[in-house]
Amino acid sequence: MANLLTISGSPHIQSDNTTKKIMWGVVTALVPTMLVSFWYFGLSAIILTLTSVAACVLFEYLVTKYLLKQASTITDGSAVITGILLALNVPSNLPVWMLIIGALVAIGVAKMTYGGLGKNPFNPALVGRVFMLISFPVNMTSWPLPMVNRTVLADAITGPTSLGIIKEGIAKGDTVDKLMSHVPNYLDMLIGNMGGSLGEVSAIAIIIGGLFMLFRKIITWHIPFTFILTVFLFTGILYYADPTKYIDPVFHLLAGGLMLGAIFMATDMVTSPMSKSGMLVFGFGCGILTVLIRVWGAYPEGVSFAILIMNALVPLINKGFKSKKFGEVIKNG
Amino acid sequence: MKTFKLGGVHPKGNKLSSDKAIKAIGLPKTATISLIQSLGAPPEPVVAKGDKVKVGQLIAKGNAFISSNIHASVSGTVSKIEDTLEASGYRKKCIVIDVEGDEWLETIDKKPNIKLEIQLKKEEIIAKIKEAGIVGLGGATFPTQVKLMIPEGKKAECLIINGVECEPYLTSDHRIMLERGEELIVGVRILMKAIGVDKAFIGIENNKADAIKYLSKLAKNNLGITVVPLKVKYPQGGEKQLIKAITNREVPSGKLPIEVGCVVQNVGTAIAVYEAVQKNKPLFERVVTVTGKSVKNPCNLLARIGTPISMLIEEAGGIPEDTQKVINGGPMMGKSINSIDIYVVKGMSGLLMMPEKESKRVTPSNCIRCAQCTFICPMGLNPYLISQMTETQNEAMAEKERVMDCMECGSCSYTCPAARPLLDNIRVAKNKVGQIIRTRAK
Ligand code: SF4
Ligand code: SF4
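Protein sequence lines, in the order shown, are assigned to chains A and B. Heads up: the first sequence is residues 0 to 332, going by numbering that gives the first Met the number 0. Heads up: the second sequence is residues 0 to 441, going by numbering that gives the first Met the number 0.
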C-alpha cells in the first residue's frame, strides 16, 4: 500500500466513454460514405480525402504547437473528421491546392482561433466549404459524373448537380416534368450514381453511418430526423400546391447534401444545442432554411448555409430551450 | 419494471461480496467513538474519563432538535475524551473506551427469537427511536426520529423502504435483506405505525432477485407491504428518484418527500428500528462491506461502532499492495479517506480499496458540448453550465440554474467524455450559493 493515500472528491470512477472514442466513432461512421465516393470517383477521391485529412491534422498540430503553445490535440480525432467532411463536400476534380486552403480556413480560422475542439461556434468543415464556394465558385460547382472518369485525374466530363439542373431549368421556364427526365432516377440517387460532391452521392451509405452513430449513442435522432422531416413536409406542401413549378419531396431528400448535412454536419455536438427540445428547434430551422435557399435563393444547394445560420443561433436556442428539471412540473398520482 | 425517468447512468455493479454472509468480527481492544455521527448538532458527552460503561449505555446525548444520541458499543472504562482523526478526515472529539469483557445493559433483550407483536404506541415508538440514537444508515445519517415526525399540515400516505443499494461494490443492504428479512418486515411495520400509514413499498433493484423473491414471500402475510422490483439504474437510491420510481410522484425542488406524502427509510435503518423498539437495543453496531478489486476476501462484516477499520481490513485479507485510495462508502458518492487509522461510524456502509491505476483521475480536456451530462443528470440540471458558472464565479446564475437541487450523485463527472471535474465545480457553486441564501435569510 502507498504511504500516502490519494484524496479526491467523488465520484471515484469514470465511464469508459471518452472524447477520443466519440470522435473515432464518427470517423468509423464516415467509412461507408468514403468507400462509396472512392468507388464512384476513383483515384481523385482518394487523393482529395487523404490530402484534406493530412492538411487538417497538420494545421491543427502547427497551431497548437507554435501559436497556442499547448499540448497537441490531434489524436482526439476531431481534425480527422473535419478533413473527411471537407473532402466529402467538394467535387472530385477540385484542384488539390484549393482544398488545402479550405482546410486552412476550416482548422486555422473556424476551429483553432476560438480555442480548439469544443469552443468553435461554427462547424469547421462547413466554414471551409463555404469559403471555397465563395472563393472558387466555378471549380466548386462543376461536378464530374461518377463512374465515367474513375481513373482520369484532370479534364473530367462535368455537369451540374440534379438540383442545379432543375433550378436553372425552372428559371428558364421549363416545367418540372420535362426537367425530371434529365436527372437521375431515385434508385441511382439512393445508391449514389449521380453527380455531386464526393460525399453527397449515396444516401444509403450516409444513413448506414447515421444508424451506427445512433447505435453508439454519439448522436440522437432529434436533429437529423426533424431536419429531414421538415424538408420533406415543406417541399411536399410546395409540390402539392403546384407540381409543375416545384419538385417532389423525395427528390429533395435524395438530392444534394441533405443527408450528409443532416446526419453528419448538423449533428456536430459542438455546434448544436444542448437540450433535446433545442435540438428539435435546430433541426426544424435547418430544414426550413434549406428549402428556402434551394427554392428561392441564389444557390441551388442550401444545406451548408442553413446549418451555419442555425449554428449562429445555438446560443439563443440554448437560452430559450432548457432541459426539463426534476420537480418542475408538480404532478401527483 | 419500474424505474425513475429522468437521467441516470449504469456503472458496473462489481458486487464482489454479494454472496458472503454477514460475519460478526471480534471486539477491538479499544473503541474510539466519534461524536460526529449524524447530521445536525453534535451530542454532548455524558460520561467522563474513568467511568465504567456497559454495552448500550448512553455516552453522549443529542440535545438539539436535529441531533442524535450515541451509546457505548463496548463495555469497559472510558480512557480519554479528546480530538482524534476520525472518518470525516478531520480531528474531531471522540470518546475512547478500553474494552473489558462484553457486558451488555440488562435492559437489552439478547434472546434470538423474533418479536412480532408491536406493543408501543406511535409516540412511544418515535421516542424509543430517538433514545436509541438511530440515524439513516444508507449513508446520509439524518436522525431518524426527525424524519418520522410529520410536520403540521402534512400527511404521510406511504412508507418507502430503500433496498436499492445502487452504489457499485456495496452489498451490506443486500445481505441484510436476505439474512434478516423477518426482522426487517417487523421494522417496516413499526415504521408504518410510527407515521400512521397502511401502505409500505420496499424498492429493490432486480440485480438482487433473491432478495426480491424472499421478501415478497414474507410480505405476503403482511397486509399493506409490497415489494417493488426496480430496473437497475443509478442513482435509484436517491430519495427523490426512488419516490418517483415507485409512486411516480415528483418531490418539488427544495422540498422534502413528505410534500408528496412519502417517508423514505433504508433497510438497515428499519432493522435498527426493530432492534430498538422490540429488543430495547440502541444503535451501536452496523454491517460494513469491505471490498475492492484487489481485496483478497471481500466480505460483509458486522462491527461495533468505534472499531478501528484496520481490523475490518485485516478480516478481508489485509490491505492490497496496489491500494492508492480508500473510500468510505461506494465509488460514486463515498468519501476518500486520508488514513486508515480511523474507526467505524454509523454512516459507514462500506470500505472500498481502489488500486492505483483506478484511483488516478483522467486529465480533463475541452468540453465538447456533447450534452451527455445534461441527459444523465437525474435532477435535470445542466452540469456543464453550472460548472462554467463556477469558473466564471457567476453564483447568481448558478442559483437560477437550480444548483441547490444537485444531489451530488456524481453521474455527470462519471459520464463526461472530456473528464471535466463537473461535480467538483458544482460543489463549489453549491457552497457559495448556500452561503448567499443563508445571508439573505438573515
Ligand atoms: S452530481 Fe448533481 S449535477 Fe451532477 S448528475 Fe448528479 S445531480 Fe446532476
Ligand atoms: S458531458 Fe462533459 S463534454 Fe459533454 S457537455 Fe457535459 S461537460 Fe461537456
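Where is the CB? At the ideal position from N, CA and C, for every residue including glycine.
Query	Result
7 angstroms Cβ cutoff, A/E108 in contact with chain B	Checking the sequence shown, residue 108 of chain A turns out to be Val, not Glu. By this cut-off, A/V108 is not an interface position.
Cβ-Cβ separation, B/S66 to B/A40 (assumed contact under 8 angstroms), whole Å	4 angstroms
Interface positions of the segment 235-253 of chain A facing chain B (Cβ-Cβ less than 9 angstroms), listed along the chain	none
Residues that DSSP places opposite B/F200 in a beta bridge	B/I159, B/T225
Spatially closest choice to B/G267 from B/K109, B/I96, B/I242, B/T143, by CA coordinates	B/T143
At least three beta-carbon pairs within less than 8 angstroms, the segment 367-379 of chain B to the segment 402-417 of chain B	yes
Within chain B, partners of A/T5 - CB distance below 8 angstroms	Q323, K324, S335, S358, K359
Straight-line gap, A/G235 to A/N184 (C-alpha atoms, nearest Å)	18 angstroms
8 angstroms CB neighbourhood of A/G336 in its chain, flanking five on each side removed	Nothing about residue 336 of chain A can be read from this structure; chain A reaches only from 0 to 332.
Validate contact between the segment 51-65 of chain B and the segment 289-301 of chain B using beta carbons, cut 8 angstroms, 3 pairs	no
C-beta contact flag for A/R128 and A/N92 at 7 angstroms	no
Beta-bridge partners of B/K91, as assigned by DSSP	B/T83
Enclosing beta strand (DSSP E) for B/S33 [first to last residue]	29-33
Under 7 angstroms between C-beta atoms of B/D101 and B/K278	no
Within 7 angstroms of chain B by C-beta, residues of the segment 116-134 of chain A in sequence order	L116, G117, K118
Within-7 angstroms CB hit, A/K323 to chain B	yes
B/G7 to B/V259 span [Cα, whole Å]	22 angstroms
Cα-Cα separation between B/C369 and A/V269, rounded to whole angstroms	7 angstroms
B/T31 beta carbon less than 7 angstroms from that of B/G346	no
Neighbour list for A/T17 in chain B, Cβ cutoff strictly below 7 angstroms	P416
In DSSP terms, what B/G75 is bridged to	B/V52, B/V98
Three-state class that DSSP yields for B/S338 in the structure shown	coil
Close-in-space but distant-in-sequence residues of the same chain around A/T150 (CB under 8 angstroms, 5 per side omitted)	At A/T150 the pLDDT is 48, less than 50, meaning the model places this residue with poor confidence; the figure from the coordinates comes in the next sentence. Result list for A/T150: G41, L42, in chain order.
Nearest-angstrom Cα separation, counted from B/A397 out to B/Q387	9 angstroms
B/P430 (DSSP reduced to helix, strand or coil)	Before going on, a small fix: residue 430 of chain B reads as Asn here, not Pro. Three-state DSSP puts B/N430 in a helix.
Neighbourhood of B/P319 by C-beta distance below 8 angstroms, restricted to the same chain and skipping five residues each side	G291, S293, V294, K295, M352, P354
B/A397 CB to nearest heavy atom of ligand 2 below 6 angstroms	no
Length of the line joining the Cα atoms of B/P27 and B/I69	18 angstroms
One or two residues paired with B/C261 in a DSSP bridge	B/C157
Near ligand 2: B/Y383 beta-carbon under 6 angstroms from a heavy atom	yes
Ligand 1 heavy atom lying under 6 angstroms from the CB of A/G14	Reading the sequence as shown, one finds Ser at residue 14 of chain A and not Gly. Result no, Cβ not under 6 angstroms from ligand 1.
Straight-line gap, B/K92 to B/G61 (C-alpha atoms, nearest Å)	14 angstroms
Below-7 angstroms beta-carbon distance, A/S276 vs any chain B residue	no
Whole-angstrom distance between A/T50 and A/G107, CA atom to CA atom	16 angstroms
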